[in-house]
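The block underneath contains the structure these notes are about, expressed in structure tokens.
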Ligand SMILES: NC(=O)c1ccc[n+]([C@@H]2O[C@H](COP(=O)([O-])OP(=O)(O)OC[C@H]3O[C@@H](n4cnc5c(N)ncnc54)[C@H](O)[C@@H]3O)[C@@H](O)[C@H]2O)c1
Ligand SMILES: NC(=O)c1ccc[n+]([C@@H]2O[C@H](COP(=O)([O-])OP(=O)(O)OC[C@H]3O[C@@H](n4cnc5c(N)ncnc54)[C@H](O)[C@@H]3O)[C@@H](O)[C@H]2O)c1
């Protein structure tokens with residue numbers, strides 16, 4: 001089936017790499033990794049869910065290609081992105097006698113990708129890295145762009161590195177085993193790319209979301225469009241000095257919601273927080289007179305249609321106030337010398353970075369939002 | 001006294017920086033850091049010995065310059081370069097509300113420099129970093145070049161990053177409080193630069209070592225020459241793909257000795273291991289017919305003159321055999337796909353990288369060496 005793979009090239013000079021999107025890629029991983037990193041051994045980092053479902057196929061494929069490999073299996077969930085598992089993963093890679101030219105392979109969602117990527121960045125001061133993202137969120141977002149890291153008790157992703165992979169294999173077929181709630185959460189990030197700067201893609205999603213969810217050819221198209229969108233931003237701004245902040249559309253709100261629910265995925269997974277955050281970003285933009293209420297309505301309508309939460313008041317088990325949300329935002333790392341940075345929008349596909357947003361106007365917006373029925 | 005400072009510029013493009021060598025630099029640190037990183041706050045990482053001796057002067061200087069600062073004090077010693085202290089230091093920096101543009105300041109020897117530098121490399125995916133090296137080894141070696149990291153139970157420096165400082169302040173005066181044994185250990189690295197590629201510097205040291213030890217003007221000259229030598233190698237090969245390996249002259253042996261004595265500084269500090277390693281590198285080169293026995297004798301003679309150990313059999317509390325040393329070498333990270341890499345020499349100042357040295361010839365050499373009276 002390799003003829004039907006789509007390839008998104010990420011032209012980062014010496015660090016350029018390909019994202020390959022298609023079916024049956026795990027079965028061909030040995031051959032593809034072998035071609036990208038000849039002679040290298042592989043340290044697979046994965047979680048228990050993937051160890052049950054897709055790890056055996058990956059191992060068979062590496063064996064068939066004659067690639068030495070070892071693996072470390074972590075528990076699933078955000079809590080794994082911690083110092084303790086960082087240490088365990090690093091020591092497991094070293095213990096498997098992996099050298100600088102060998103490869104760390106992340107088989108899993110964003111949690112495994114971020115953790116394994118950080119380990120790859122620092123073991124022997126930098127090993128090669130291959131991503132095999134298995135959640136929709138990881139395929140369209142976290143596996144692209146080279147951000148890796150773990151959480152600190154002070155907040156998410158506060159410790160990490162920029163470390164680009166040598167290859168990304170987005171096997172569309174593995175999404176069939178992904179829990180529906182996780183798929184839907186990842187869809188929030190897909191929609192985000194339309195909202196940032198691609199109104200035609202957002203309109204296409206409004207028309208074709210059923211095919212994306214059902215696993216038709218629309219799914220691979222949506223993933224490819226999303227990867228290409230993210231890659232384009234990353235290429236413009238590899239280390240997040242400027243433009244890349246656009247990818248945070250909805251995320252200043254989302255991170256606050258996640259912090260307030262203690263990153264408890266049972267209550268709110270990241271993509272759900274992003275969905276509410278996207279609606280907030282557009283409604284806040286509308287409240288500031290920047291975009292039309294109609295556009296904000298389209299955003300909320302579409303996300304609701306696919307079954308994502310869109311209201312702050314809908315967050316299970318949280319009934320705090322605007323002050324609590326603002327507090328959580330001020331702990332966010334996008335705080336630059338005291339002022340708040342938001343991604344706002346002049347309409348669908350017309351987002352922009354707004355630095356120095358007045359906390360009082362955010363608060364006013366949140367008060368009104370929390371009072372909505 | 002700033003007119004008498006020496007400056008070694010390290011021209012690494014976007015990552016270029018200055019190493020300033022002189023007296024009273026800690027007293028002027030606030031002004032100098034403020035100029036290099038305007039508006040930034042400082043998170044000082046140091047150890048208990050420095051907290052007693054030189055931290056107060058640094059704090060006064062930052063205060064006088066109006067620079068917000070916080071500090072984290074670690075226990076002294078190699079054991080601090082571990083995952084646990086890495087975590088503590090990262091969280092202390094984050095907890096002090098340091099942002100990406102703020103500065104991590106390492107005030108200490110190589111242990112603090114490596115640990116703080118690694119934290120600076122990864123907190124918020126990269127903060128700025130200033131080195132104030134306080135041991136001779138740190139001034140002439142570890143603070144130059146951007147290698148940072150911690151140890152793993154599997155070996156030294158196995159987890160880390162390349163992260164260049166924005167500024168290095170080598171205050172020659174602080175060496176007055178350095179224990180003599182530590183000063184002498186650092187001197188082994190000074191001598192190493194002569195042995196790598198600067199025979200005139202080695203000859204100068206043979207003549208002037210008394211002034212270097214006594215703290216005369218020779219000391220600053222030796223430090224400056226050493227920094228410039230290291231910087232030149234680093235600029236040729238920032239991420240250790242090739243040439244930089246020359247800096248490992250004596251170190252394949254030294255790391256084995258340190259591993260065999262369990263990194264117990266009471267028995268053998270790093271520079272002492274390097275001194276024995278340098279002698280081994282030259283005697284091995286002589287045994288292989290690469291360099292004259294006379295040159296090997298000069299190396300051993302000079303290091304013995306300044307009071308450094310030069311014989312493997314002189315390592316306190318270790319009486320193992322050649323096989324044990326070879327075993328320890330094979331765990332070393334300079335092992336590349338099974339073959340051993342050594343830095344050998346054709347004479348004083350004529351070192352070169354030799355890849356794929358036969359373990360059997362190393363063993364033969366070590367057997368003879370261990371049999372020496
Ligand atoms: N690095 C970046 O640029 C970036 C961007 C966005 C998000 N992230 C990070 O990504 C993480 C979230 O990623 P995620 O949503 O993929 O979470 P995740 O990795 O926890 O995966 C979600 C759940 O789905 C399971 N799973 C994944 N793929 C599966 C499959 N094919 N079949 C069955 N089960 C499967 C996992 O085991 C897990 O239980 C967060 O930590 C977030 O910070 C990183
Ligand atoms: N990054 C690199 O390129 C590089 C190069 C060489 C060595 N290193 C690392 O450096 C470390 C060794 O460095 P080190 O020899 O400086 O050890 P160190 O940091 O442990 O310092 C030695 C001792 O001297 C004390 N001390 C330091 N300065 C003092 C002063 N001015 N007054 C009083 N006491 C003082 C310290 O508290 C410590 O007890 C090792 O971990 C080694 O791996 C790194």
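Protein chains in written order, with full-length UniProt numbering: chain A, 1 to 373; chain B, 1 to 373.
The C-beta atom is built at its ideal place from N, Cα and C for all residues, glycine as well.
Which residues in the same chain have their Cβ closer than 7 angstroms to the Cβ of residue i, if we skip the five residues on either side of it in sequence?
i, result
"residue 367 of chain A", "322"
"residue 223 of chain B", "21, 139, 140, 170 and 172"
"residue 293 of chain A", "286"
"residue 159 of chain A", "149, 150 and 152"
"residue 81 of chain A", "111, 114, 115, 150 and 151"
"residue 370 of chain A", "312, 313, 321 and 322"
"residue 34 of chain A", "65 and 67"
Residue i and residue j look like a contact to me (Cβ under 8 angstroms); what is the Cβ gap, rounded to whole Å?
i, j, result
"residue 58 of chain A", "residue 67 of chain A", "Not really, about 10 angstroms apart at Cβ, beyond 8 angstroms."
"residue 228 of chain A", "residue 8 of chain A", "5 angstroms"
"residue 153 of chain A", "residue 327 of chain B", "No, residue 153 of chain A and residue 327 of chain B are not in contact; Cβ-Cβ is about 40 angstroms, not under 8 angstroms."
"residue 273 of chain A", "residue 258 of chain A", "5 angstroms"
"residue 133 of chain B", "residue 113 of chain B", "6 angstroms"
"residue 119 of chain B", "residue 144 of chain B", "Not confirmed; about 19 angstroms, so no contact."
"residue 278 of chain A", "residue 250 of chain A", "4 angstroms"
"residue 299 of chain A", "residue 195 of chain A", "6 angstroms"
"residue 121 of chain B", "residue 96 of chain B", "Not a contact, Cβ separation roughly 17 angstroms."
Looking at chain B, is there any beta carbon in it that lies within less than 8 angstroms of the beta carbon of residue i?
i, result
"residue 291 of chain A", "no"
"residue 10 of chain A", "no"
"residue 7 of chain A", "no"
"residue 125 of chain A", "yes"
"residue 87 of chain A", "yes"
"residue 83 of chain A", "yes"
"residue 250 of chain A", "no"
"residue 282 of chain A", "no"
"residue 94 of chain A", "yes"
"residue 14 of chain A", "no"
"residue 162 of chain A", "yes"
Can a CB atom of chain A be found closer than 8 angstroms to the CB of residue i?
i, result
"residue 91 of chain B", "yes"
"residue 79 of chain B", "no"
"residue 19 of chain B", "no"
"residue 152 of chain B", "yes"
"residue 122 of chain B", "yes"
"residue 67 of chain B", "no"
"residue 149 of chain B", "yes"
Ordered along the chain, which non-local residues of its own chain (more than five positions away) have a Cβ less than 8 angstroms from that of residue i?
i, result
"residue 187 of chain A", "136, 209, 212, 213, 271, 306 and 308"
"residue 166 of chain A", "17, 36, 37, 103, 128, 129 and 130"
"residue 336 of chain B", "For residue 336 of chain B, the pLDDT reaches just 47, beneath the cut-off of 50, and the residue's location in the model is therefore unreliable, although a value from the coordinates is still provided. Excluding positions up to five away in sequence, the list reads 355."
"residue 260 of chain B", "315, 318, 320, 324, 325 and 328"
"residue 234 of chain A", "10, 12, 144, 145, 146 and 244"
Return the chain-ordered list of same chain residues with a C-beta closer than 6 angstroms to the C-beta of residue i, the five sequence neighbours on each side being excluded.
i, result
"residue 280 of chain B", "253"
"residue 295 of chain B", "347 and 348"
"residue 76 of chain A", "47, 48 and 49"
"residue 225 of chain A", "201"
"residue 105 of chain B", "42, 44 and 130"
"residue 25 of chain A", "169 and 171"
"residue 291 of chain A", "285, 345, 346 and 347"
"residue 54 of chain A", "26 and 174"
"residue 342 of chain A", "252, 354 and 357"
"residue 157 of chain A", "149"
In the DSSP assignment, what are the bridge partners of residue i?
i, result
"residue 363 of chain B", "Looking at the DSSP assignment, residue 363 of chain B forms no beta bridge with any residue, so it has no partner."
"residue 20 of chain A", "A/7 and A/169"
"residue 42 of chain A", "A/69 and A/103"
"residue 133 of chain A", "A/108"
"residue 353 of chain A", "A/343"
"residue 150 of chain A", "A/159"
"residue 123 of chain A", "B/159"
"residue 47 of chain A", "A/74"
Examine chain C for any beta-carbon lying closer than 8 angstroms to the beta-carbon of residue i, and answer yes or no.
i, result
"residue 159 of chain B", "Reference to chain C is not applicable here, since the protein chains of this structure are A and B."
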